Amino acid sequence: MAYFSVFHEYIKRKKSAVGLPFIALCWISFFWGTTWIASKEGVKHMPAMQLVAIRQLFGGLIYLAYFLIKKAPWPNKRQWRNILILSILNFMLSNGLSTWGVKYISSGLGAIIGSIFPLWIVVISFFRGEKISWRAALGLVICFSGICVIFYDYLNDFLEPEFRFGIILSIIATFTWALSSIYIRENKTNFNPYFSLGLQMLISCVAIFSVIETTGETVPLSEIPAISWWSIGYLVVFGSVLTFIAFIYALENLPKEVSSLYAYINPMVALFFGYILFNEPLTVSIAIGGAVTLIGLFLVNKAIKKA
């Protein structure tokens, strides 16, 4: 009887240890998908880069306050260099441009474009002289086919300058995210990743505020409507704090192939809620093209993980 009790407690602990990372993965898959919706709603009523700067200011302050209370050590010279570079790639460019881009395109389309950053990793690796596996090459072809099917329903929209601008911004955002992924892989440090995120957010918000104040791309805080403040609050809590914590936790506790599943679910969440809340298009072409693109991404991700 005693042996059974010990065995039962052991199984219970194992289930808990395994279950929590999967809960974190489900959290990431859902909430990062919905942040596209919150961004879309927020930028309807205020300049996109101002929303990004405010979001990152509050998110960074939350992280900074926590680590100041914990009296955590500050980064050294090399770690500061990494934080500065990643703040440019991750938050000023990738997050900033993708939020700006979704002002002109649907949230679902923005999410699909945002998910294709592994393609850039393969392309960049190829031009750096690295060998590309057949699986990665096949994934690229499949992804490109899926994207062509998706954009079939948007052919007329390409006649609009704003739509083209949104697409360009979104593509550049995915490229800089890929550069960030490669940089992290090749320049690892032992600094706390959560503290690093907070510092990246604060550095980027200062830089963005400096630019938009100079260019006049701001509105007085009193003129920002309540719906945009609610969007910012949602993006801070669920997009910048809780989900990043879950993301790093899942990366540390799940196999790479499993922890990357969120990348295939986020676009589906964004497409579904964009259709429900904003009446964004969800046609057969978009559904089929999205599925084909995600299959291609799966092959590309598998090739990257294997390498």
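Residue numbers for the sequence shown, in the numbering used here: -3 to 303. Just so it is clear, CB atoms sit at the ideal spot from N, CA and C, and this is done for glycine as well. All values reported here derive from a predicted model rather than from experimental measurement.
{"Item": "Determine the direct distance from the alpha carbon of Phe159 to that of Lys99, and round the result to whole angstroms.", "Value": "9 Å"}
{"Item": "Excluding five sequence neighbours on each side, which residues of the same chain lie with their C-beta closer than 8 Å to the C-beta of Asn188?", "Value": "Phe63 and Ala68"}
{"Item": "Could you tell me the alpha carbon to alpha carbon distance between Ile291 and Trp28, rounded to whole angstroms?", "Value": "20 Å"}
{"Item": "Could you tell me whether the Cβ atoms of Ser103 and Leu293 are closer together than 8 Å?", "Value": "no"}
{"Item": "Out of Ala287, Val265, Glu276 and Ile204, state which residue places its alpha-carbon closest to the alpha-carbon of Asn91.", "Value": "Ile204"}
{"Item": "Which value, in whole angstroms, describes the spacing of the CA atoms of Phe140 and Ile168?", "Value": "17 Å"}
{"Item": "What residue range is occupied by the uninterrupted alpha helix (DSSP H) comprising Thr95?", "Value": "Gly92 to Gly97"}
{"Item": "Give the secondary structure of Phe122 by DSSP, where H, G and I count as helix, E and B as strand, and everything else as coil.", "Value": "helix"}
{"Item": "Would DSSP call Ala283 helix, strand or coil?", "Value": "helix"}
{"Item": "Under a Cβ-count criterion, where at least 16 other Cβ atoms within 10 Å of its own Cβ denotes burial, should Pro114 be classed as buried or exposed?", "Value": "buried"}
{"Item": "Give me the Cα-Cα distance between Glu182 and Gln75, rounded to the nearest whole angstrom.", "Value": "13 Å"}
{"Item": "Spell out a yes or no on whether the segment 211 to 226 and the segment 30 to 50 are touching, meaning 3 or more CB-CB pairs, one atom from each, closer than 8 Å.", "Value": "yes"}
{"Item": "Of all the options Trp173, Thr185, Ala132 and Gly38, which has the alpha carbon lying nearest to the alpha carbon of Arg77?", "Value": "Thr185"}
{"Item": "Taking all protein chains shown into account, do 16 or more other C-beta atoms lie within 10 angstroms of the C-beta of Arg124, making it buried, or fewer, making it exposed?", "Value": "exposed"}
{"Item": "If you draw a straight line from the alpha carbon of Val118 to that of Gly55, how long is it in whole angstroms?", "Value": "31 Å"}
{"Item": "Can you tell which of Ile65, Gly286 and Ala20 has the C-alpha that lies nearest to the C-alpha of Tyr148?", "Value": "Gly286"}
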